[in-house]
Ligand SMILES: [Zn+2]
Ligand SMILES: [Zn+2]
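Numbering (UniProt numbering), first residue to last: 1 to 315.
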C-alpha cells in the first residue's frame, strides 16, 4: 500500500491553492510540486517536515503538466535534492525549450477576429510568475504507458491530454486511487486550452476531442478515490465525469443557439458568452469557445468560412 499525503500549497492564481502529493515510500516521491513563490516553498517545506520528510529525501518528482502552479518549484527542489523529474515529452518540450507562449498561439488568436487592442490587453498581462523551466535538471520523459515502481506498490502513468497536450494522471491499481492533476477537478471543468500541434505547424490540437476521449477512458477505471490537483479528494469519479460532459453539452448547445441567429467569429461568440472577462481571462474564454467550435466543425454541425484572416461560423 502506498502511503499518500496531500499537501496544500498556496498559488497567486484565481484557481486557489494547488495540491502536492507526497508518497512516503521508497523512492520518496512528489506528485507536482507547487508554484515558484516564497509562500509556496515555505508551505511545502513546513508540511514535509511535519510529515517527517526532509526535502533532501525527495528522490522523484512527477509533473502532471507544465502549468506554473503545478511545476514552478520543480527545478528548485530537484536542484537541491538531486531528484529526477518525470514529465511527458510534450510538457518537457515546453519546460526545456525557449518557446514564446503568445507567438506560438498568435495566429489562432488573430483568426478569432479579436481587435488589436484586446490582443494587447491579453499579451500585456504578464504572468505573475517566471516561466517554469527544467534546464539543468535531471529529467526523464514519459509517453504515458509507463509503470513507476515503489517498494510497496506501483503507479501506472496515463496520458490524458486536452487541458494540456502532455497531461499525465497516475493510477494506483492496488488502492484504486486516481491522481487526476487538472484532468478531473471537484469544482470546475478544466479549460481545453488552445495549443499548437507540434507535428502540424499552423494547426491546433483537437483539445476538447482529446479531453472527452480521456473521460471515456477514465470512466471505465475502477476508482475509489480521486486525488485532484486542486480542491479536496473525492469518491464520485463517474459523477464528476458526467458533470464535465454536461458542461460541454451545455456549451455546444449555447454556441449553436447563438449561431442560429447570426454568423459570428470566435471572439464575438466569447464576448456574448463571457461579456466581462479582462486580460488573461479573455484568452481563457477564447480557448474554451474555440475548442467547442473546432469539435462542432469536425462533426459538421456548424460551418466555418475563412475571410480576410478571420474564421466565421454559421449553423
Ligand atoms: Zn493546468
Ligand atoms: Zn492547475
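The beta-carbon is built from N, C-alpha and C at its ideal position, and this holds for glycine as well.
Opening and closing residue of the alpha helix (DSSP H) in which residue 210 lies
Indexing the chain shown from 1 puts residue 210 at position 210. Residues 207-219.
Rounded to a whole number of angstroms, what is the C-alpha to C-alpha distance between residue 177 and residue 189?
Start at 1 with the first residue of the chain shown, and residue 177 comes out as number 177. Start at 1 with the first residue of the chain shown, and residue 189 comes out as number 189. If you take the alpha carbons of residue 177 and residue 189, they lie about 20 Å apart.
Out of curiosity, what's the CA-to-CA distance linking residue 174 and residue 307?
Position 174 of the chain shown, counting from 1, holds the residue named residue 174. Position 307 of the chain shown, counting from 1, holds the residue named residue 307. Distance between the alpha carbons of residue 174 and residue 307 is about 55 Å.
Check this for me: beta carbons of residue 206 and residue 69, under 8 Å apart or not?
The residue given as residue 206 occupies position 206 in the chain shown. The residue given as residue 69 occupies position 69 in the chain shown. The answer is no: Cβ separation not under 8 Å.
Assumed close pair residue 80, residue 55 - CB separation to whole angstroms, cut-off 8 Å:
Indexing the chain shown from 1 puts residue 80 at position 80. Indexing the chain shown from 1 puts residue 55 at position 55. Contact flag correct, Cβ pair sits at about 6 Å.
Hey, is the region 123-142 in contact with the region 18-26, meaning 3+ C-beta pairs nearer than 8 Å?
no
Could you check what DSSP says for residue 282 in three-state terms: helix, strand or coil?
By one-based count along the chain shown, residue 282 stands at place 282. In this structure, residue 282 counts as helix in the three-state DSSP scheme.
Residue range of the alpha helix (DSSP H) that residue 151 falls in?
Stepping through the chain shown from its first residue, residue 151 is reached at position 151. Segment: none, residue 151 is in no alpha helix (DSSP H) and carries neither H nor E.
Quick check for students: name the residue ranges of the alpha helix (DSSP H) that lie wholly in the region 226-282, counting only runs of 4 or more.
237-261 and 266-273
Please confirm whether residue 119 and residue 77 have their CB atoms less than 8 Å apart.
Your numbering for residue 119 matches position 119 in the chain shown. Your numbering for residue 77 matches position 77 in the chain shown. No, the Cβ-Cβ distance between residue 119 and residue 77 is not below 8 Å.
Can you list, in chain order, the residues of its chain whose CB lies under 7 Å from that of residue 121, leaving out five sequence neighbours each side?
Translated into positions along the chain shown, residue 121 becomes position 121. So the list reads 279 and 282, once near-sequence residues are dropped.
C-alpha gap between residue 104 and residue 114, whole angstroms
Taking the first residue of the chain shown as position 1, residue 104 is located at position 104. Taking the first residue of the chain shown as position 1, residue 114 is located at position 114. If you take the alpha carbons of residue 104 and residue 114, they lie about 16 Å apart.
Pair within 8 Å by beta-carbon distance, residue 296 and residue 285:
Reading the chain shown from its first residue, position 296 is the one you call residue 296. Reading the chain shown from its first residue, position 285 is the one you call residue 285. No; because the gap between Cβ atoms is not below 8 Å, this pair is not in contact.
Status (buried if at least 16 other CB within 10 Å, exposed otherwise) for residue 102
Here residue 102 corresponds to residue number 102 of the chain shown, with the count starting at 1. It counts as exposed.
What does the shell around ligand 2 hold, if a residue joins when its beta-carbon is under 7 Å from any heavy atom?
15, 18, 67, 69, 70, 182, 229 and 230
Nearest-angstrom Cβ-Cβ length linking residue 61 and residue 30, presumed shorter than 8 Å:
Along the chain shown, one-based indexing puts residue 61 at 61. Along the chain shown, one-based indexing puts residue 30 at 30. That belief holds up - the Cβ atoms of residue 61 and residue 30 are roughly 5 Å apart, short of 8 Å.
Secondary structure at residue 167, three-state DSSP: helix, strand or coil?
As a first step, residue 167 must be located in the chain shown, where it is residue number 167. Reduced to three states, the DSSP call for residue 167 is coil.
For the putative contact between residue 169 and residue 153, defined by C-beta atoms under 8 Å, what is the C-beta separation to the nearest angstrom?
As a working mapping, residue 169 is identified with position 169 in the chain shown. As a working mapping, residue 153 is identified with position 153 in the chain shown. Actually they are not in contact, since the Cβ atoms of residue 169 and residue 153 sit about 16 Å apart, beyond 8 Å.
Tell me, please, whether the region 88-101 touches the region 37-47 by the rule of three or more beta-carbon pairs shorter than 8 Å.
no
Check the C-beta distance from residue 291 over to residue 208 and give it rounded, since I have them as a contact under 8 Å.
Position 291 of the chain shown, counted from the start, is the residue given in the question as residue 291. Position 208 of the chain shown, counted from the start, is the residue given in the question as residue 208. Contact flag correct, Cβ pair sits at about 4 Å.
Alpha carbon to alpha carbon, how far is residue 157 from residue 149?
For the purposes of this step, residue 157 is identified with residue 157 of the chain shown, where counting begins at 1. For the purposes of this step, residue 149 is identified with residue 149 of the chain shown, where counting begins at 1. Taking the straight line from one Cα to the other gives about 11 Å.
Which parts of the region 284-312 are runs of the beta strand (DSSP E), unbroken and 3 residues or longer, counting only runs that do not cross its ends?
303-307
Does DSSP classify residue 80 as helix, strand or coil?
Counted from its first residue, the chain shown places residue 80 at position 80. Three-state result, residue 80: helix.
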